[in-house]
Amino acid sequence: MSSSTHHAHSAAASTVVPAVNSTVSPAIVPTVAPAASAATDAPSAAPALPQSFTIGDAAGLAVTVTDYGARLMAVTVPGRGGRATNVLLGRPTAADYLTDDCYLGAIIGRNANRIADATCVIDGAVCHPVANEGTNNVHSGPNGYDRRLWAVADRSERSLTLVLHSPDGDQGFPGAMDVRVRYEVDNMTLRCDIDAECTRSTIANMTSHAYWNLAGESSGDILDQILTIPTDRYCPTDERFIPLACEPVDGTPMDFRAPKRIGDAMRAGFEAGDAQLAAARGYNHAFVFEDAHGQLPHATSLNPRTGLRTVAVAASERTGIRMTVLSNAPSVLLYSAGFLDGVPGTGGRTYCPAAGYALEPGFVPNAVNNASERSPLLPAGSHYHLAIRWRFDAVG
């Protein structure tokens, strides 16, 4: 189901470098296949029942997290008039995520989104993660970090830190990786920091797969919500949702440089016969701020003080809730949940297509095989860091 798409990485702080030379002949290099070991396969069994934890701040922002997939379960925000609204799509209980196939609220890793033909070259070796969406590998296969029980390393009233050990060969990728996710709330901002180190050169391409509905998670569709994405470049995709070369947003339904209702943009695109929207049942596209050559001239740049850029701003006129998404990632993927259907939600309502949208900071999908985009390869001994900030306020 969910073929949403994704990617993540640090800009200044991370040391991810350009991809290895992909001209090496696959016939003469070693192959890394998914490890058939208890260490790799066991996490799918979820040896213990998931638990949930709630953190909050004095301003009224409350966040519930489960250790299964390090997932966000609920994000409750005071809107216009101080009315508390849960703006995150989720499941009723932590145990319900054991059967979730939509990646609701999950941390995705070791690689978020798609790898074309489930093949990439890392440090001279051809890697073959499992093809779990036709010929593609999506979200690292059927045993991604979203299906692991993470360990709680630290907890306070305002923060929660979860850790995961990913063994060498896990998901078909080289190196033993240790990952840490820290959620923290402060002054109406939810902070997510993902840090990782690996014993060998590998792919490090994580993101948060949170689905948002700023009118409330059980309020219906998100078509009347207003979205801004401050860049003039996006990646169209082929029939397998693999990105093609970046194109200008001008004259397309991908132009969110000025605030626009999501439904208005989609409707205009469908009426014009836009093939990109038709294939994805809406949006499933990466918007690019920085490519292999550096910062794009007509996109928001990293703030030199914070190391973050604004990648999206969304708002609901019904609740008055506005969400600003900041990150150090080179792109953000907009998924309008066209393939989400028949999923029981937190408040008892069944989610249908367009019940929410994901705004996933990270690398352009399949960037490991695309020399024109920022590379998600992490050299051995280097540090990976992805920062995401969701800043909420009430407007109107």
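For the sequence shown, our numbering gives the first residue as 6, with consecutive numbering after it.
Yeah, the Cβ is synthetic: ideal placement off N, Cα and C, and Gly gets one too.
Since we're looking at a predicted model, the values are computed, not measured.
query                                                                                                   : result
Distance CB(L109)-CB(R163) smaller than 8 Å                                                             : no
Same chain, Cβ closer than 7 Å to V190, five either side skipped, listed in chain order                 : I60, G61, D62, L66, V68, R163
L54 burial status per 10 Å Cβ neighbour count (16 or more: buried)                                      : exposed
Buried versus exposed call for Y389 [16 or more other C-beta atoms within 10 Å across all chains shown] : buried
Simplified DSSP state of R260, which is helix, strand or coil                                           : It should be pointed out that residue 260 corresponds to Asp in this sequence rather than to Arg. Correct three-state label for D260: coil.
Range of the contiguous beta strand (DSSP E) that encloses R269                                         : In the sequence as presented, Arg is not what sits at residue 269; that position holds Asp. Here D269 belongs to no beta strand (DSSP E); instead the alpha helix (DSSP H) covers 267-276.
Spatial distance of T324 from A181 (CA atoms)                                                           : 45 Å
Reduced DSSP category for Y108 - H, G, I as helix; E, B as strand; rest coil                            : coil
Assumed close pair N118, P370 - CB separation to whole angstroms, cut-off 8 Å                           : 4 Å
Sequence-distant residues of its chain with Cβ nearer than 8 Å to G401 (five each side left out)        : R85, E322, G325
DSSP-derived helix/strand/coil call for Q230                                                            : coil
Backbone secondary structure at L103 - three-state DSSP                                                 : helix
Proximity of A372 and A360 at Cβ, strictly below 8 Å                                                    : no
Opening and closing residue of the beta strand (DSSP E) in which A130 lies                              : 130-132
Beta-bridge pairing of I60 - partner residues as DSSP gives them                                        : V68
Identified DSSP bridge partners for E365                                                                : L338
DSSP state of G299 mapped onto helix, strand, coil                                                      : strand
Given L195 as reference, the closest of A64, C357, V337 once Cα atoms are compared                      : A64
Buried versus exposed, by CB contacts within 10 Å (16 or more), T140                                    : exposed
Option in G287, L228, Q230 with minimal Cα separation from T257                                         : G287
Nearest-angstrom Cα separation, counted from S336 out to H298                                           : 14 Å
Classification of A270 by the beta-carbon crowding that lies within 10 angstroms, buried from 16 upward : buried
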